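Here the sequence shown is numbered in UniProt numbering, starting from 1 and rising by one per residue. Where a beta carbon is used, it is the ideal one built from N, C-alpha and C, also for glycine. Being a predicted model, the structure only gives us computed values, none of them experimental.
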Amino acid sequence: MCFTSVATPPLKCLTAEQGDYVLREIHNGACGDHSGSRSLAYKVFRQGYFWPTMHQDANSLVKRCDKCQRFGNVPHIPAEPLTPIVSPWPFA
1 MCFTSVATPP LKCLTAEQGD YVLREIHNGA CGDHSGSRSL AYKVFRQGYF WPTMHQDANS
61 LVKRCDKCQR FGNVPHIPAE PLTPIVSPWP FA
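Right under this line is the structure:
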């Protein structure tokens, strides 16, 4: 037990290898829903685990996940500025 807070119970500290295993099990496991990195890190935290690079590791795992990259949301294309069209005839 290493990380404690007034509002949360003591959390179990993990090594990098153990943390990677926990992230993969929650992300890809039997009940894994391929959630995003922020949600994945929060789920690991709720299960009672902690390590200093948890958020960065979750982010890199989601970026490396083939299913997440294939079927994830497509980023929006930036909007183009509007160009006014002037009509030679009023109210036409």
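Return the CA-CA distance between Glu25 and Ala58, expressed in angstroms with no decimal places.
In this structure, the straight-line span from the alpha carbon of Glu25 to that of Ala58 is close to 12 Å.
Is the distance from the Cβ of Cys63 to the Cβ of Ser35 below 9 Å?
With the sequence shown as reference, residue 63 is identified as Lys, and Cys is not the correct amino acid for it. No, Cβ-Cβ distance for Lys63 and Ser35 is not below 9 Å.
Counterpart residues of Cys13 in DSSP-defined beta bridges:
Phe50, per the DSSP bridge assignment.
Using the Cβ count rule (16 or more neighbours within 10 Å means buried), how would you classify Cys31?
Taking all protein chains shown into account, Cys31 has fewer than 16 neighbouring C-beta atoms within 10 Å of its C-beta and is therefore exposed.
From what residue to what residue does the alpha helix (DSSP H) around Cys68 run?
Element bounds for Cys68: 66-71.
Can you grab the Cα-Cα spacing for the pair Val86 / Ala79, in whole Å?
Straight-line Cα distance between these residues: approximately 21 Å.
Is the CB-CB distance between Phe50 and Leu82 below 9 Å?
Not a contact, by the Cβ cut-off of 9 Å.
Nearest to Tyr42 by CA position, among Gly29, Ser60, Leu23, is which residue?
Nearest of Gly29, Ser60, Leu23 to Tyr42, Cα basis: Leu23.
Would you mind working out which of Leu61, Asp33, Pro9 sits nearest Glu17, comparing C-alpha positions?
Distance check between Glu17 and each of Leu61, Asp33, Pro9 places Leu61 closest, using alpha-carbon atoms only.
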